[in-house]
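Once you know that position 93 of the sequence shown is 93 in full-length UniProt numbering, the rest is easy, because the numbers rise by one and skip nothing.
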Amino acid sequence: MPLGDSITGSPGCWRALLWNQLVGAGHRDIDFVGTLPAQGCGVAHDGDNEGHGGELVTNVADQNLLPARLAATRPDIVVMHFGTNDVWSSIAPARILAAYTKIVGQMRASNPDMRVLVAQIIPMNPSTCAACAQRVVDLNAAIPAWAAATSTNRSPVTVVDQWTGFNTATDTYDGVHPNDAGNVKIAARWFPALDAILDAGVPNDPEDPDDPTEPGDAGCTASFRAVSTWQGGYQAEVTVRNTSAAPVKGWTVTVVPADGARVSQLWNGTLGTTADGRTTVTNASWNGALAPDASAAFDFIATTPATSTAPAATVDCTATS
């Protein structure tokens, strides 16, 4: 889960670069998750994220906004660049770090084995905030000690230095938000830390007791999530999870959209037969092999009749071992 504010989500094109770097390094089943969709960037990538423009991490903590987002997405790893708007609002580092502590606790309540990457945030020097540059320095100076005190063996917190080498004059377009050069630098800093976690592997989540799978059998589940809607259609994501005790080699999902909707486009999967509103999707070449409890996702666009209600679909999964 990429977590943060507009630097992460609006459009947050470093995420596109990072995702492609990870896929190129062999992490072909990685699934970026979040309740927000991609916002352009012109690069094919898994754009789901939790970067809400204008948000303060202190507000997210005080208003308990994160637990529902975690419940909807179930991340194993959180990549967090958060605090720029708090700094701009002259909120003290101690309060920002207290918010970090609270939301890390919420992450661990969602997944006790959560891996957390926390950025020392990029510098900022907006024309309307002469004091912001030093405030960022003050916050970043306090993050390593906070992380050391918060990290545990089961749920490590790793600091990623996004500040060093980042120049607001050449790497942002307004003293705050990264331009193309800045996005390249941000992705390059995240990559080794996230690559190392993925190489080591994340602990398996407990198997869902309501969906048992006998050892040795190939099993999977599929879950539907609406990403965005518009008049006459919507975009949705289907997440496939291996629920068996052994790796699977591939999967097939049957999608039946509600209210007469029809699948018209699809990516990160192979579109099979479509008849009577029922669409069959098989894995792409790079996301079929799943370790136990690992997941992959595909997205589709559906057209809807004028009488359609909120997006919904029945999805069923079968796996091959």
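Glycine residues also receive a C-beta, built at the ideal position from the N, C-alpha and C atoms.
Compute the Euclidean distance between the alpha carbons of residue i and residue j, then round it to the nearest angstrom.
i, j, result
"aspartate 195", "threonine 307", "46 Å"
"alanine 142", "isoleucine 77", "22 Å"
"alanine 92", "asparagine 268", "43 Å"
"threonine 73", "threonine 35", "7 Å"
"glycine 232", "leucine 271", "21 Å"
"threonine 279", "isoleucine 30", "24 Å"
"arginine 189", "leucine 70", "24 Å"
"cysteine 317", "cysteine 220", "6 Å"
"alanine 98", "phenylalanine 166", "26 Å"
"arginine 28", "leucine 17", "14 Å"
"alanine 313", "glycine 83", "37 Å"
"tyrosine 234", "valine 256", "14 Å"
"alanine 200", "alanine 25", "14 Å"
"glutamate 49", "alanine 246", "Looking at the sequence shown, residue 49 is not glutamate but asparagine. Taking the straight line from one Cα to the other gives about 29 Å."
"serine 264", "alanine 38", "19 Å"
Taking residue i as part of the alpha helix (DSSP H), name the residues at either end of that continuous run.
i, result
"phenylalanine 191", "180 to 200"
"glutamine 21", "14 to 24"
"aspartate 113", "Element bounds for aspartate 113: n/a, residue is neither H nor E."
"threonine 150", "132 to 150"
"threonine 170", "168 to 171"
"glycine 9", "6 to 9"
"leucine 70", "66 to 73"
"threonine 58", "57 to 62"
Exposed or buried, which one is residue i when buried takes at least 16 other CB atoms within 10 Å?
i, result
"tyrosine 100", "buried"
"arginine 115", "buried"
"proline 144", "exposed"
"proline 311", "buried"
"serine 321", "exposed"
"glutamine 162", "buried"
"proline 209", "Bear in mind that a pLDDT of 35 at proline 209, under 50, signals an unreliable position, so the model cannot answer this."
"threonine 168", "buried"
"threonine 239", "buried"
"serine 90", "exposed"
"proline 11", "buried"
"aspartate 46", "buried"
"valine 33", "buried"
Between which two residues does the beta strand (DSSP E) holding residue i run?
i, result
"valine 240", "233 to 242"
"alanine 297", "295 to 303"
"tryptophan 251", "250 to 257"
"serine 321", "Premise fails: serine 321 is in no beta strand (DSSP E) and is neither H nor E."
"serine 228", "220 to 230"
"threonine 279", "278 to 282"
"tryptophan 267", "262 to 267"
"aspartate 86", "Not the beta strand (DSSP E): aspartate 86 falls in the alpha helix (DSSP H), residues 84 to 88."
"histidine 81", "77 to 81"
"aspartate 161", "157 to 161"
Compare the beta carbon distance of residue i and residue j with 9 Å and say whether it is the shorter of the two.
i, j, result
"valine 60", "isoleucine 96", "no"
"asparagine 111", "proline 156", "no"
"leucine 266", "phenylalanine 298", "yes"
"asparagine 242", "leucine 290", "yes"
"cysteine 13", "proline 178", "yes"
"threonine 303", "aspartate 259", "no"
"alanine 147", "threonine 158", "yes"
"glycine 105", "glycine 51", "no"
"alanine 261", "proline 292", "no"
"histidine 81", "alanine 130", "no"
Could you pull out every residue in the same chain whose Cβ sits closer than 6 Å to the Cβ of residue i, ignoring the five residues on either side in sequence?
i, result
"serine 6", "Gly53"
"glycine 250", "Asn283, Gly288, Thr320"
"aspartate 138", "Pro93"
"glutamate 237", "Arg225, Val227, Ala297, Asp299"
"alanine 222", "Val238, Val240, Val253, Val315, Cys317"
"glycine 216", "Note that glycine 216 has pLDDT 46, beneath the 50 cutoff, so the model's placement of it is unreliable and the number below is only indicative. Excluding positions up to five away in sequence, the list is empty."
"arginine 135", "Val87"
Near residue i, what residues of its chain come up, given a Cβ to Cβ distance below 7 Å and the 5 sequence neighbours on each side ignored?
i, result
"proline 203", "Asp113"
"cysteine 132", "Val87, Trp88, Met124, Asn125, Pro126"
"threonine 229", "Pro311"
"tyrosine 173", "Asn179"
"alanine 187", "Trp14, Leu17, Leu18, Gln21"
"alanine 193", "Leu117, Thr158, Val160"
"alanine 181", "Thr170, Asp171"
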